[in-house]
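Inspection log for the structure reproduced underneath, given as structure tokens.
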Amino acid sequence: VYKKLDLDYFKKLSETLEINLSRSINLQSLQESERLFDLAFHSSPHSILVIDKNYQVLQANLAAEKNAQDEHHKTRCYELLFNRKAPCVGCQLGHNFEVQNEMKTFRVQSSHFSLDSEEESDYYIHLYEDISEQKSVEHKFQQTARLAELGLVSSSIAHELNNPLGGILSYLQIMKLDLPSAHPFQSDIEMMNQTALRMKKIIEELLIFSRKEDSFQPESQSLLKLVQKNLDLLQMQLKKENLKVVFPDSLTEINHLVSALHFRNSIHLAFQFFLQKLKMKRLVQANFTGLVEVKIFQDQMNSYLSFSTNLGPYDVMANTNDMTLITLEKSLIDQGFQVVLSEPKPAWIQLLITLPLQ
């Protein structure tokens, strides 16, 4: 039988053990919460920073450290991630915003928290999500909507111009037949006839562009003719910029299964890239003449469309960030093709499009 003194002792001992056990359980719970937080914090594929109101980085996850721009001696968020000397344009602590860095767009989710009521204890968690691809898709959808509207407008314009143009061509033919072949007006009539025929080609292109989606289906097309059609539309621009396009004397006619509109759009992007390069070249050599050599060939596995130009040298960094080139590569990949940019010889660039045979 225990004495009262012993019972009091056991009671106090029990209370002490209960308090310590509770503390131990709470400590284990906090350690588990800390472990789970660290796991979630560092396993995120997006950069996460904990900063104060002065943009000082207090903690960064592994993704942020991996994406850091030479992290030594850089203690602020804009220095660490973007190598900037001032806060990002549009930065709003505690509010969601977007920032641009080079060719990328980041959505920043900024959350505020405070450890006590003092202003000095205000902190922010920033999560940086790369939404460049999403922005690109949104832009593509917007472009598709614009193209659909443009298709309706171009169809209306083409139909309105087609009938009177047909009448003009007929009258020009009648005038040519009525006048003697040596008549001085014959040369003027022929020039008018050629101009009207060029206009007829443009109207045909507008009518093709305004067709429904089924016209985008792949068909067996002559690669040479597709390139030449693009050059016809770019004729004035190429002449103005002094960019010459040459073909080999003997060029084999090669057909391939392509969507004419999609593939011609890719060719158009390629020449826009060349025109941009030519403008950059003119900053150094004002009277520089651009040259593009076109070759089309085929083997047992693929068809090839090669553009070699004197608009080098090949700049890896500039080409990697070139939006026209990025769009061209995406356009060709979507069609199941490949594009490789290289420097076959000094100051020259080769753009090689590979089209696998079906």
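At position 234 of the sequence shown (counting the first as 1) the number is 234 in our numbering, and the numbers step up by one without a gap.
C-beta atoms are modelled at their ideal positions from N, C-alpha and C, and glycine is treated no differently.
Just so we're clear, the structure is a prediction, and the values are computed from it rather than from any experiment.
Notebook entry, point to check: Whose C-alpha, out of H183, Y124, L172 and A347, is nearest the C-alpha of T195?
Noted result: Closest option to T195, Cα to Cα, is L172.
Notebook entry, point to check: Can you give the beta carbon distance from K291 to V246, rounded, assuming they're within the 8 Å contact cut?
Noted result: For the record, residue 291 in the displayed sequence is Leu; it is not Lys. 7 Å between Cβ atoms; contact.
Margin query: Using C-beta distances below 6 Å, list every residue in its chain close to Q300, excluding the 5 sequence neighbours before and after it, in chain order.
Written below: none
Next item on the list: Determine the contact status of I353 and G312, defining contact as a CB-CB distance below 7 Å.
Entry: no
Next item on the list: Give me whichever residues DSSP pairs with K244 in a beta bridge.
Entry: L291
Check: With distances taken between CB atoms, is the gap from L49 to C77 smaller than 7 Å?
Finding: yes
Next item on the list: With DSSP collapsed to three states, give me the class of R264.
Entry: helix
Check: Do you know offhand how far S308's Cα is from F106's?
Finding: The alpha-carbon atoms of S308 and F106 are separated by roughly 36 Å.
Check: Three-state secondary structure (DSSP) at Q335?
Finding: If DSSP states are grouped into helix, strand and coil, Q335 belongs with coil.
Next item on the list: Give me the Cα-Cα distance between L177 and H183, rounded to the nearest whole angstrom.
Entry: 11 Å
Item checked: Sub-7 Å separation of I189 and M199 beta-carbons -> no
Notebook entry, point to check: With a CB to CB cut of under 7 Å and the five nearest residues on each side skipped, what residues in its chain are close to D214?
Noted result: Reliability fails at D214, whose pLDDT of 48 lies under 50, so the model's placement of it is uncertain and the value that follows must be treated cautiously. Correct list: empty, nothing qualifies.
Check: Applying the criterion that 16 or more other CB atoms from any shown protein chain within 10 Å of the CB defines a buried residue, is Y9 buried or exposed?
Finding: exposed
Checklist line | Closest by C-alpha distance to E341, when choosing among A286, E329 and K229 | finding: Reading off the sequence, residue 341 comes out as Leu, not Glu. Considering only alpha carbons, the answer is E329.
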